[in-house]
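A.B. asks:
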Amino acid sequence: MQILLVGYHLAKSYYRLCPCVNRNIRWKPIRYNLLRWMMQAQICCMKHIIWGKGVKRMSSQFDYGIFGGDLRQVYMTEAFLQKGCKVAVYGLAKTVTHENCSTVLTLHDLFERSSVLIGPIPMTRDQITITANNEASDLTIAHVAYLLKSHHILIGGNIPAPLLELCNSKQIPFYDLMLDEVITIKNAIATAEGTIMEAIASSDRNLHDSNCLVLGYGRCAKVLAQKLKGLDARVTVAARSKKALADAEAAGHGTVLIENLKCILPSFVFIFNTIPAPILDRDCLELVDPSVTIIDIASAPGGVDFNYAKSHDINAKLCLGLPGKIAARASANILVTEILAYLKREK
Numbered sequence: 145m146q147i148l149l150v151g152y153h154l155a156k157s158y159y160r161l162c163p164c165v166n167r168n169i170r171w172k173p174i175r176y177n178l179l180r181w182m183m184q185a186q187i188c189c190m191k192h193i194i195w196g197k198g199v200k201r202m203s204s205q206f207d208y209g210i211f212g213g214d215l216r217q218v219y220m221t222e223a224f225l226q227k228g229c230k231v232a233v234y235g236l237a238k239t240v241t242h243e244n245c246s247t248v249l250t251l252h253d254l255f256e257r258s259s260v261l262i263g264p265i266p267m268t269r270d271q272i273t274i275t276a277n278n279e280a281s282d283l284t285i286a287h288v289a290y291l292l293k294s295h296h297i298l299i300g301g302n303i304p305a306p307l308l309e310l311c312n313s314k315q316i317p318f319y320d321l322m323l324d325e326v327i328t329i330k331n332a333i334a335t336a337e338g339t340i341m342e343a344i345a346s347s348d349r350n351l352h353d354s355n356c357l358v359l360g361y362g363r364c365a366k367v368l369a370q371k372l373k374g375l376d377a378r379v380t381v382a383a384r385s386k387k388a389l390a391d392a393e394a395a396g397h398g399t400v401l402i403e404n405l406k407c408i409l410p411s412f413v414f415i416f417n418t419i420p421a422p423i424l425d426r427d428c429l430e431l432v433d434p435s436v437t438i439i440d441i442a443s444a445p446g447g448v449d450f451n452y453a454k455s456h457d458i459n460a461k462l463c464l465g466l467p468g469k470i471a472a473r474a475s476a477n478i479l480v481t482e483i484l485a486y487l488k489r490e491k
């Protein structure tokens, strides 16, 4: 509508400023052609603005807008650039230099110039700020919610409930990377390798021939137990589900029900928790071997009473976001592949 109004005022000014032309019959063809050109220009511009049933939708300058995160977002940017895409970035962990990559000044710029928006994994850790390695004041969940429009597509990991509700109410497409089974399974490899790396770095023991306890038997725990067994560790799996324990037993691991955990805790020198619930509380930690190494990879706040562990010199460590720390490039390639597959399905 603004363009139409501009055209109207230009035409009005033309007649006002050129009365002699209006009275001269010889200028009518020129006047007519000028007005026709102005109207065609208006229509052409409107075609770029009007999308669907009267919904304003600006054409994007960039194929993707990537914000926040860790090295995974940096390598995702590079992967998209290698595919010939144009990418706008904001708040990345590292500068990306490329002719088709633009580092914008604000989150608002990113959302204005891109329609496919890719955030970090997880999108937030505190439900307030966007996960990032910098402290940009506009990297907040509230600001993302304010900037989201109907022509956007929001992509990220563990998208918080307020953003999901907003997307549903405004019919904004979204893709939660951590709800994709393919990504979760492939990421379990990097998580397991990173967990083992943390255990080795945090202990003065070998994993070989050591008693290792894996709490839980989900996707990550299965891969972790398998890789520990490959290092000749003696692996026991603790879970609540009898089916999960049957699967673990079939894979060659020892098994125990969670409810019977306290009976065997003192015998382990490595404990790996994958259950996002209070499992190793004070009562359990009182029973562990004094030289134990506990690696917790469950979602924050984890399943360990870290306050008690710290006050009693128990070696316990919460390790989150391992794929982004120890296998960022491999994880980024997985994410890019699945994002492209999702966008292809949504066309």
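Every number in this note's numbering is 144 more than the matching position in the sequence shown, counting from 1. Backbone N, C-alpha and C fix where the C-beta goes; we use that ideal spot for every residue, glycine too. Note that the structure is a prediction, hence the values are computed from the model and not measured.
1) From which residue to which residue does the alpha helix (DSSP H) around C364 run?
2) Quick check on the burial criterion: 16 or more other C-beta atoms within 10 angstroms. Buried or exposed for K238?
3) Nearest CA to the CA of F211: which residue from V248, Q226, E243 and T241?
4) Starting from T380, trace the beta strand (DSSP E) both ways and give me its first and last residue.
5) Looking at C-alpha atoms only, which residue of F416, L372, E403 and A332 is the closest neighbour of N459?
6) Which residues does DSSP pair with L424 in a beta bridge?
7) Can you tell me which of I329, H352 and M322 puts its alpha carbon nearest to the alpha carbon of V413?
8) Can you tell me where the alpha helix (DSSP H) with V218 in it begins and where it stops?
9) Can you give me the C-alpha to C-alpha distance between L405 and A382, rounded to a whole angstrom?
10) Quick one: what's got a C-beta closer than 7 Å to C245's C-beta in the same chain, skipping five residues either side?
11) I'd like to check one pair, I478 with T339: are the Cβ atoms closer than 7 Å?
12) The alpha helix (DSSP H) spanning N477 covers which residue range?
13) Where do the ends of the beta strand (DSSP E) carrying A232 lie?
14) Which value, in whole angstroms, describes the spacing of the CA atoms of A280 and G235?
15) Would you mind sorting Y290 into buried or exposed? The rule is 16 or more other CB atoms within 10 Å of its CB.
16) By Cβ distance, which residues of its chain are closer than 6 Å to R216, with the 5 residues on each side in sequence left out?
17) Over the uninterrupted alpha helix (DSSP H) stretch that includes T328, give me the two end residues.
18) For V480, I'd like the list of residues in its chain whose CB is within less than 6 Å of its CB, leaving aside the five on either flank, ordered along the chain.
19) What's the gap between the Cα of L487 and the Cα of E342?
20) For Y208, which beta-bridge partners are listed by DSSP?
21) Nearest by alpha-carbon distance to L357: which of A369, S347 and P264 is it?
22) Apart from the five residues on each side of it in sequence, which residues of its chain come closer than 6 Å, Cβ to Cβ, to T399?
23) Do you know how far the Cα of A286 is from the Cα of L251?
24) I'd like to confirm the pairing. Which residues does DSSP put opposite A276 in its beta bridges?
25) Run through DSSP, which three-state label would V400 get?
26) Figure out for me which residue from V432, G362, L484 and D376 has the closest Cα to the Cα of H456.
27) Check whether the Cβ atoms of L359 and I408 lie closer than 7 Å to each other.
28) Beta-carbon separation of I316 and V260 under 7 Å?
29) Quick check on L466: buried or exposed, where buried means 16 or more other Cβ atoms within 10 Å of its Cβ?
30) By the 10 Å Cβ neighbour count, where 16 or more other Cβ atoms means buried, how is V288 classified, buried or exposed?
31) So if DSSP puts S246 in a beta bridge, which residue, or which two residues, is it bridged to?
32) What does K461 pair with, by DSSP beta-bridge criteria?
33) Buried or exposed: where does S258 fall if 16 or more other Cβ atoms within 10 Å of its Cβ makes it buried?
34) Compare the beta carbon distance of L268 and T275 with 7 Å and say whether it is the shorter of the two.
C.D. replies: Looking at the coordinates:
1) For the purposes of this step, residue 364 is identified with residue 220 of the sequence shown, where counting begins at 1. Here the alpha helix (DSSP H) through C364 covers R363 to G374.
2) Taking the sequence shown and counting its residues from 1, the one referred to as residue 238 is at position 94. K238 comes out exposed.
3) Stepping through the sequence shown from its first residue, residue 211 is reached at position 67. Looking at the Cα atoms, V248 is the closest of the given residues.
4) Residue numbering aside, residue 380 sits at position 236 when the sequence shown is read from its first letter. Per DSSP, T380 belongs to the beta strand (DSSP E) from R378 to A383.
5) Working through the sequence shown from its first residue, we reach residue 459 at position 315. Closest option to N459, Cα to Cα, is F416.
6) Locating residue 424 in the sequence shown gives position 280, where the first residue counts as 1. Answer is V448, bridged to L424.
7) Indexing the sequence shown from 1 puts residue 413 at position 269. Nearest neighbour of V413 by Cα position, chosen from I329, H352 and M322, turns out to be H352.
8) Locating residue 218 in the sequence shown gives position 74, counting from the first residue. It spans L215 to Q226 - the alpha helix (DSSP H) in which V218 sits, taken as one unbroken run.
9) Position 261 of the sequence shown holds residue 405. Position 238 of the sequence shown holds residue 382. Computed Cα separation, rounded: 7 Å.
10) Looking up residue 245 in the sequence shown gives position 101. Closer than 7 Å at Cβ, skipping near neighbours: T221, L225, V231 and V233.
11) Residue numbering aside, residue 339 sits at position 195 when the sequence shown is read from its first letter. Residue numbering aside, residue 478 sits at position 334 when the sequence shown is read from its first letter. The answer is no: Cβ separation not under 7 Å.
12) Mapped onto the sequence shown, residue 477 falls at position 333. For N477, the enclosing alpha helix (DSSP H) has its first and last residue at A472 to E490.
13) Taking the first residue of the sequence shown as 1, we reach residue 232 at position 88. Start and end: V231 to Y234.
14) As a first step, residue 280 must be located in the sequence shown, where it is residue number 136. As a first step, residue 235 must be located in the sequence shown, where it is residue number 91. Using only the alpha carbons, I get a separation of about 7 Å.
15) The residue given as residue 290 occupies position 146 in the sequence shown. Classification of Y290: exposed, given that the 10 Å Cβ count is below 16.
16) On the sequence shown, position 72 is the one that residue 216 refers to. Sequence-distant partners of R216 (beyond 5 residues in either direction) whose C-beta falls short of 6 Å from its own C-beta, in its chain, are G468, A472, S475 and A476.
17) The residue given as residue 328 occupies position 184 in the sequence shown. Per DSSP, T328 belongs to the alpha helix (DSSP H) from E325 to S346.
18) Along the sequence shown, one-based indexing puts residue 480 at 336. Cβ neighbours of V480 beyond the five flanking positions: M220 and A223.
19) Here residue 487 is taken as the residue at index 343 of the sequence shown, counted from 1. Here residue 342 is taken as the residue at index 198 of the sequence shown, counted from 1. One C-alpha to the other measures close to 36 Å.
20) Indexing the sequence shown from 1 puts residue 208 at position 64. DSSP lists V231 as partners of Y208.
21) Sequence index remark: in the sequence shown, residue 357 carries index 213 (1-based). The closest CA to that of L357, considering only A369, S347 and P264, is found on A369.
22) Residue 399 sits at position 255 when you count from the first residue of the sequence shown. Within the same chain, T399 has close Cβ partners V381, L389, A392 and E393.
23) Position 107 of the sequence shown, counting from 1, holds the residue named residue 251. Position 142 of the sequence shown, counting from 1, holds the residue named residue 286. One C-alpha to the other measures close to 12 Å.
24) In the sequence shown, the residue the question calls residue 276 occupies position 132. Beta-bridge pairing links A276 to G213.
25) The count along the sequence shown starts at 1 and reaches residue 400 at position 256. Strand, per DSSP.
26) Numbered from 1 along the sequence shown, position 312 holds the residue referred to as residue 456. Taking only the C-alpha atoms, the option nearest H456 is V432.
27) Start at 1 with the first residue of the sequence shown, and residue 359 comes out as number 215. Start at 1 with the first residue of the sequence shown, and residue 408 comes out as number 264. Result no, Cβ atoms of L359 and I408 do not sit closer than 7 Å.
28) Here residue 316 corresponds to residue number 172 of the sequence shown, with the count starting at 1. Here residue 260 corresponds to residue number 116 of the sequence shown, with the count starting at 1. No, Cβ-Cβ distance for I316 and V260 is not below 7 Å.
29) Residue 466 sits at position 322 when you count from the first residue of the sequence shown. It is buried - the Cβ of L466 has at least 16 other Cβ atoms within 10 Å.
30) In the sequence shown, the residue the question calls residue 288 occupies position 144. Classification of V288: buried, given that the 10 Å Cβ count is 16 or more.
31) Taking the first residue of the sequence shown as 1, we reach residue 246 at position 102. Partner(s): A232.
32) Walking along the sequence shown from the start, residue 461 turns up at place 317. Bridge partners of K461: I439.
33) Numbered from its first residue, the sequence shown carries residue 258 at position 114. Buried, because 16 or more other Cβ atoms sit within 10 Å of the Cβ of S258.
34) For the purposes of this step, residue 268 is taken as residue 124 along the sequence shown, with counting starting at 1. For the purposes of this step, residue 275 is taken as residue 131 along the sequence shown, with counting starting at 1. As written in the sequence, residue 268 is Thr, which differs from the Leu given in the question. Taking 7 Å as the Cβ cut-off, T268 and T275 qualify as a contacting pair.
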